[in-house]
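There are 2 protein chains.
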Amino acid sequence: MKVVITGGGGMLGFKLAKALLARGKLTGADGRETAISKITLFDTAFPPSLPQDPRLETVTGDISAAGVLAKVVTPETQSIFHLASVVSAGAEADFDLGWRVNLEGTRTLLELARKCAKPPRVMFTSSVAAFGGDLPEVLDDSTTPNPQTSYGAQKVCCEYLVTDYTRKGFIDGRSLRLPTIVVRPGKPNLAASSFASGVLREPLNGVVSECPVSLDTGVWLLSPGRCVESFIHAHETPSSLWGMSRVLNLPGITVPVAEMIEAMRRVAGDAVAKRVVYKPDERIQKIVANWPVKFRTPRALGMGFKADADVESVIRAYVADEGIKV
Amino acid sequence: MKVVITGGGGMLGFKLAKALLARGKLTGADGRETAISKITLFDTAFPPSLPQDPRLETVTGDISAAGVLAKVVTPETQSIFHLASVVSAGAEADFDLGWRVNLEGTRTLLELARKCAKPPRVMFTSSVAAFGGDLPEVLDDSTTPNPQTSYGAQKVCCEYLVTDYTRKGFIDGRSLRLPTIVVRPGKPNLAASSFASGVLREPLNGVVSECPVSLDTGVWLLSPGRCVESFIHAHETPSSLWGMSRVLNLPGITVPVAEMIEAMRRVAGDAVAKRVVYKPDERIQKIVANWPVKFRTPRALGMGFKADADVESVIRAYVADEGIKV
């Protein structure tokens, strides 16, 4: 069977590709487990080193331009993981780019998916950025999306698209609202959420991390590994389990920054934990104050999705993945 | 000041145009009340007889084709009433047409609105078709949209667009979720909601009406006249009253079909009321069973929006508008 991963050059898309290659099979559009014959990664750019695997191919292009994507999502495609997206800060900085890539790109993808020989399973990457404004203390699947960013608005619109294409029988769609992914490997960036990974990543890599938010700030988080498992699990669950409700808040854990640092101390020692320096940044504090921190996710848990056990295991997974000596 | 009404050839758009011509002024984008110098009605077609008024012009075209609309929404436009839409049954029958006109047409309109000299006030016509699935007995502004039609999904996506364009300061948008409009003049159509007007309109016009739903079926309704008043009121309320919440369920009244018929009996006599024949239609019963019937609308009422007093006054308004002798 043929699998497509948009955003396949990104951290999550790439991890997902590796996990699928190792797994070797997926449930196809006909409900039968089938060997993966090809995984096409689609993105605007790719890291220089890719796993050498005859099943893996990469295609470079812009998702909002139908031409290239039509060569990727072909009639025999049975499975699409749609991770490509202009990120939150990017969509806020460039309004046109965000709507073009995140909304119109998804429309283009869904139109191609609709032309597949059998309605493909489509996993859409949504986000808790869907939520904002006056929030209840604990959110759940009935909480009305009220995004405070263009990125969030784009994700919500795409959820409605995926649900409607599914209702019409064109695709078999599943939208997953991802918690903040921690620990993201790589470098700090300008995103307001950068601290959530940075407070762990930089100290573990021997660098001081300036934490812009108070230590009691909670983060609703999911590890990259557990996130990839969730994508695959979303793919493997039968359509009947989703029924007409195709949007799901993924399980996560709520961890205050102080608890992250304490867990890091237990994993990597006091010297590492001391590399976190509190340097308040009012702008970031203000943004983060409006983020959802606690969720009830009984439906997702009932469907077999799993959160990380605790933040210590999240840190241990990062350390193992990156080959960091502690 | 220059006003644009998309869907200006339709029943509501046309009534709105007449009400605005009579009113003669509106609050402009600068917050000051200004004489209306021009009202441009945009639609795919117009009724043969239009009011003769030098301020009124009509432009015929397709809203999803940017070219024509760019001649309508020009930099000096200060006020846009966006009523153009493929209707519910139409969007369900032609998926591509619905998404193209209802979503992409709105995007095209908003992009042009964004280029206006001052951010124009944009009134967007949404619908209680936003709601569906497992509904609470009484809905309110916190009820999560869960549309069961493409039309509903398109309306919800546009609400998020209007809110995001507003948040960015490109427009000053307000989305109104309309109840079922009763009494719609004209002929019965294939829409599942056709009975809601038909049960009154046909008998008042001397024709038998076949009611496909049981007489205890409730309808959440608003008269065309009160709807037009709501559009104008939405335009006139200051931006500060809306804050960041740009979507509103309009007030309406919940009226069981039996009560409609009784009110018609009081207005037009027993012989007229007896023209309603109960002829159950399971398909329509099933669709209507999923419609929202009761709403709490404290925010809208607090902002000065008004429902009709009762169904009897709705009927009397229709009779007066149409010049029916009772």
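Protein sequence lines, in the order shown, are assigned to chains A and B.
Each residue of the first sequence is one higher than the last, beginning at 1 in my numbering.
Each residue of the second sequence is one higher than the last, beginning at 1001 in my numbering.
Built from N, CA and C at the ideal position, the CB exists for glycine as well.
For residue i: DSSP bridge partner residues
i	result
residue 1296 of chain B	DSSP, once it has assigned bridges, lists no residue as partnering residue 1296 of chain B.
residue 33 of chain A	A:27
residue 1122 of chain B	B:1080, B:1173
residue 1218 of chain B	B:1256
residue 1181 of chain B	B:1222
For residue i, the first and last residue of its enclosing alpha helix (DSSP H)
i	result
residue 1285 of chain B	1282 to 1288
residue 1008 of chain B	Run containing residue 1008 of chain B: none; DSSP gives neither H nor E here.
residue 1256 of chain B	No alpha helix (DSSP H) holds residue 1256 of chain B; the beta strand (DSSP E) holding it covers 1253 to 1256.
residue 242 of chain A	239 to 242
residue 112 of chain A	105 to 114
residue 1228 of chain B	1224 to 1236
residue 154 of chain A	150 to 167
residue 1248 of chain B	Here residue 1248 of chain B belongs to no alpha helix (DSSP H); instead the beta strand (DSSP E) covers 1247 to 1249.
residue 315 of chain A	311 to 322
residue 1095 of chain B	1095 to 1098
residue 1068 of chain B	1066 to 1072
residue 1272 of chain B	1270 to 1273
Chain-ordered neighbours of residue i on chain A, where CB pairs are closer than 8 Å
i	result
residue 1142 of chain B	144
residue 1153 of chain B	160, 161, 163, 164
Proximal chain B residues relative to residue i, where beta-carbon distance stays under 9 Å
i	result
residue 274 of chain A	In chain order: nothing, as chain B lies at least about 41 Å away.
residue 156 of chain A	1156, 1157, 1160
For residue i, the first and last residue of its enclosing beta strand (DSSP E)
i	result
residue 1211 of chain B	1209 to 1211
residue 1137 of chain B	No beta strand (DSSP E) contains residue 1137 of chain B, which DSSP labels as neither H nor E.
residue 195 of chain A	No beta strand (DSSP E) contains residue 195 of chain A, which is instead part of the alpha helix (DSSP H) from 194 to 204.
residue 128 of chain A	Neither: residue 128 of chain A is in no beta strand (DSSP E) and is coded neither H nor E.
residue 1025 of chain B	1025 to 1027
residue 42 of chain A	38 to 43
residue 1178 of chain B	1172 to 1178
residue 81 of chain A	77 to 82
residue 277 of chain A	276 to 278
residue 56 of chain A	56 to 60
Cβ-heavy atom distance, residue i to the ligand SAM, below 6 Å
i	result
residue 70 of chain A	In the structure on display, the ligand SAM does not appear, and there are no ligands present to speak of.
Amino acids of chain A, ordered along the chain, whose beta-carbon sits closer than 7 Å to that of residue i
i	result
residue 1133 of chain B	244
residue 1095 of chain B	168
residue 1045 of chain B	Going along chain A, no residue has its Cβ under 7 Å from residue 1045 of chain B, so there is no contact; the nearest lies around 28 Å.
Distance between beta carbons of residue j and residue i, contact taken as under 8 Å
i	j	result
residue 1183 of chain B	residue 1167 of chain B	With 8 Å as the limit, residue 1183 of chain B and residue 1167 of chain B do not qualify as a contact, their Cβ atoms being about 37 Å apart.
residue 1017 of chain B	residue 1056 of chain B	7 Å
residue 1185 of chain B	residue 1322 of chain B	6 Å
residue 1082 of chain B	residue 1027 of chain B	Going by Cβ atoms, the distance from residue 1082 of chain B to residue 1027 of chain B rounds to 18 Å, so no, they are not a contact pair.
residue 253 of chain A	residue 215 of chain A	Actually they do not touch by this definition, with Cβ atoms about 17 Å apart.
residue 1059 of chain B	residue 1072 of chain B	5 Å
residue 1177 of chain B	residue 1250 of chain B	6 Å
residue 1276 of chain B	residue 1211 of chain B	5 Å
residue 122 of chain A	residue 80 of chain A	5 Å
residue 400 of chain A	residue 190 of chain A	Since the first residue shown for chain A is 1 and the last is 326, residue 400 of chain A is missing from the structure and cannot be characterised.
residue 69 of chain A	residue 106 of chain A	Residue 69 of chain A to residue 106 of chain A, Cβ: 11 Å. No contact.
residue 311 of chain A	residue 260 of chain A	6 Å
residue 265 of chain A	residue 273 of chain A	4 Å
Cross-chain neighbours of residue i in chain A, by beta carbon under 9 Å
i	result
residue 1150 of chain B	164, 167, 168
Listed by chain order, chain B residues near residue i by CB distance under 7 Å
i	result
residue 191 of chain A	Here the premise fails: no neighbours, minimum Cβ distance about 19 Å.
residue 89 of chain A	The premise fails here: residue 89 of chain A is roughly 15 Å from chain B at the closest Cβ pair, so nothing lies under 7 Å.
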